[in-house]
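For the sequence shown, the working numbering begins at 1142 and goes up steadily by one.
For glycine and all other residues, C-beta sits at the position ideal for the given N, C-alpha and C.
Have a look at the structure below before the remarks.
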Amino acid sequence: MVCKNCQERPVIKLTNSNIYLCKNCFIKYFEKKVKKTISDYKLIEKNDNIIIATSGGKDSTSLLYLLKKILKGRKDIKIIAIAIDEGIHNYRDKSLEFLKIFCQEHEVELKIFSYKEEFGKSLDEILKTYKGIPCSICGVLRRYLLNKKSKELKATKLATGHNLDDEAQSIVMNYFKNNIKISARLGPITGIKKDEKFIPRIKPLYFLTEKEVTAYAFLKGFMDKFNECPNSPYSYRGQIRDMLNDFEAKYPGTKHSIIMSFLELLPVLKENYRNNLHAINYCVSCSEPCSQKECKTCKYIKTVIKL
Ligand code: SF4
Ligand SMILES: [Zn+2]
Ligand SMILES: [Zn+2]
């Protein structure tokens, strides 16, 4: 087996094909695909102020590195990294240590916001009394802080490291839970209705699989081991991920098909919900955008965190 392009020793077989690539050709393939996604979906515009949601994991580290590289020389575009410290002992503390060094080495400004400072308790402390699924509360608090802090930093885009596997999981989860309206907010660039209180999210790694992002981070030498949050096996997403991995192994191309059929439907979904969407509400307690009178974060603060 040799690399399709240069006959060198291959390091990876591309998902959903019989193509083998060597290290250099794979890195070129990966970076070209990210640039194509940015250009095809107009993810980045002139004078953008891009906040990159980072965690010290393989996806957001690869994204940070690539946006910095791709946007080098663009004086009109600013990038800042932000990270949320949920307060997960032996996991987030370690990944943030790595991230601080990585950002220093790559000269990217990093701002860290923690649950402890913003809500009064770390996730580990919250979970001493909260008996629900950890990710359900953690995900709500995390999305809330990312949106709020991006606005405070006057971001025009919030870039996230979501890859093809993450998106396929979200699509299937929303189907299984009859949350199709939430799917209308997915895609390489999010948003149904323009609202200055919602920062559009962009996903430059959208068409790259988890396996490809892992290989890229490893081959670029960003990290040699990949830690997983200790709470993730309990999540609904974790079970969907296992199911899709199982299907992918039996029927290669499954995840790719989920994404491609979803992208065909997405314009119809967006149009439908744009027309049927009532005006966005603002939380009576914190003024953040939400679908009901009070946002989920404020409800959690009153009913779980302040206990
Ligand atoms: S896996 Fe769940 S608990 Fe862990 S950081 Fe992600 S959302 Fe939070
Ligand atoms: Zn090659
Ligand atoms: Zn609120």
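Buried or exposed by the 16-neighbour rule on C-beta atoms within 10 Å, applied to residue i
i	result
residue 1390	exposed
residue 1189	buried
residue 1147	exposed
residue 1349	buried
residue 1367	exposed
residue 1265	buried
residue 1312	buried
Proximity of residue i and residue j at Cβ, strictly below 9 Å
i	j	result
residue 1192	residue 1221	yes
residue 1441	residue 1282	yes
residue 1286	residue 1225	yes
residue 1430	residue 1229	no
residue 1347	residue 1304	yes
residue 1297	residue 1345	no
residue 1240	residue 1197	yes
residue 1410	residue 1321	yes
residue 1445	residue 1256	no
residue 1261	residue 1447	yes
residue 1167	residue 1153	yes
heavy atom of ligand 3 below 8 Å from residue i C-beta
i	result
residue 1432	no
residue 1438	yes
residue 1293	no
Reduced DSSP secondary structure (H/G/I, E/B, other) of residue i
i	result
residue 1163	coil
residue 1439	helix
residue 1284	helix
residue 1342	strand
residue 1241	helix
residue 1185	coil
Cβ-heavy atom distance, residue i to ligand 1, below 8 Å
i	result
residue 1280	yes
residue 1144	no
residue 1233	yes
residue 1435	no
Any non-hydrogen atom of ligand 2 closer than 8 Å to residue i Cβ
i	result
residue 1172	no
residue 1148	yes
Chain D within 9 Å of residue i, Cβ atoms only
i	result
residue 1397	Looking for chain D here will not work: only one protein chain is present.
Identified DSSP bridge partners for residue i
i	result
residue 1359	Paired residue(s): none; residue 1359 is not in a bridge.
residue 1255	1226
residue 1298	1191
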